[in-house]
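Q: Quick one: the structure is below, and I'll ask about it shortly.
In our numbering, the protein residues as written are 15 to 176.
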């Protein structure tokens with residue numbers, strides 16, 4: 015337990031220090047060693063350290079700055095990964111391959127509508143047109159109708175058979 019030195023200064027052993035600072039005993043030994051703090055008194059089984067500001071600072075020091083930076087990078091990476099998983103789960107983010115597949119399906123649908131189905135429906139109307147401007151207007155309206163149909167609900171056209 016607490017042992018007093020000649021000047022009635024408070025000393026603690028490694029176990030007491032580890033409980034006080036909520037650190038592992040090996041961590042306490044390592045930090046005291048790095049700080050160059052020597053025990054005030056020793057017995058056959060224990061070392062007692064004088065409680066000083068230097069001891070307090072050594073125990074609050076998190077040690078190797080590179081290790082601290084690595085831990086911070088690891089925590090940041092883990093937080094970023096969790097954030098990314100959440101955005102995927104909420105449907106706010108998708109893989110590029112997934113986006114490319116959707117785009118391919120939409121373009122395929124538009125191509126089929128504009129090059130296969132549209133001519134079949136638009137040509138009879140264009141033939142009935144009295145002049146070039148009317149024919150252009152009819153064609154523009156037919157194309158616009160295709161895009162408006164797509165804009166209204168693009169998911170409807172996924173995997174739709176052309």
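The beta-carbon is built from N, C-alpha and C at its ideal position, and this holds for glycine as well.
Along the chain, where does the alpha helix (DSSP H) that runs through residue 81 open and close?
A: Residues 79 to 103.
Q: Is it buried or exposed for residue 54, if we count other Cβ within 10 angstroms and need 16 for buried?
A: Residue 54 comes out buried.
Q: Comparing alpha-carbon positions, which option in 87, 32 and 155 lies nearest residue 69?
A: Nearest C-alpha to residue 69: 32.
Q: Looking at the secondary structure, which residues open and close the alpha helix (DSSP H) in which residue 146 lies?
A: It spans 146 to 166 - the alpha helix (DSSP H) in which residue 146 sits, taken as one unbroken run.
Q: What are the boundary residues of the alpha helix (DSSP H) that includes residue 134?
A: Per DSSP, residue 134 belongs to the alpha helix (DSSP H) from 132 to 142.
Q: When DSSP labels each residue in this structure, what does residue 73 get in the three-state scheme?
A: In the structure shown, residue 73 sits in a helix (DSSP, three-state: H, G or I).
Q: Helix, strand or coil for residue 64 per DSSP?
A: Strand, per DSSP.
Q: Among 79, 74, 137 and 161, whose alpha-carbon lies nearest the alpha-carbon of residue 36?
A: Per the Cα distances, 74.
Q: With a threshold of 16 other CB atoms inside 10 Å of the CB of residue 27, please say whether the residue is buried or exposed.
A: By the 10 Å Cβ count, residue 27 comes out buried.
Q: For residue 25, name the three-state secondary structure that DSSP assigns.
A: If DSSP states are grouped into helix, strand and coil, residue 25 belongs with the strands.
Q: How is the alpha helix (DSSP H) around residue 54 delimited, first residue to last?
A: No alpha helix (DSSP H) holds residue 54; DSSP gives it neither H nor E.
Q: Hey, quick one: how far does the alpha helix (DSSP H) through residue 122 stretch, first residue to last?
A: Segment 110 to 126, the alpha helix (DSSP H) holding residue 122.
Q: Mapping DSSP to helix, strand and coil, what is residue 37?
A: If DSSP states are grouped into helix, strand and coil, residue 37 belongs with coil.
Q: In whole angstroms, what is the alpha-carbon distance linking residue 163 and residue 157?
A: Answer to the nearest angstrom: the Cα atoms are 10 Å apart.
Q: Specify the secondary structure class of residue 30 as computed by DSSP and reduced to three states.
A: Three-state result, residue 30: helix.
Q: Going by the CB atoms, is the gap between residue 139 and residue 152 shorter than 7 Å?
A: A contact, by the Cβ cut-off of 7 Å.
Q: What residue from 106, 148, 107 and 159 has the CA that sits closest to residue 127's CA?
A: Answer by Cα proximity: 159.
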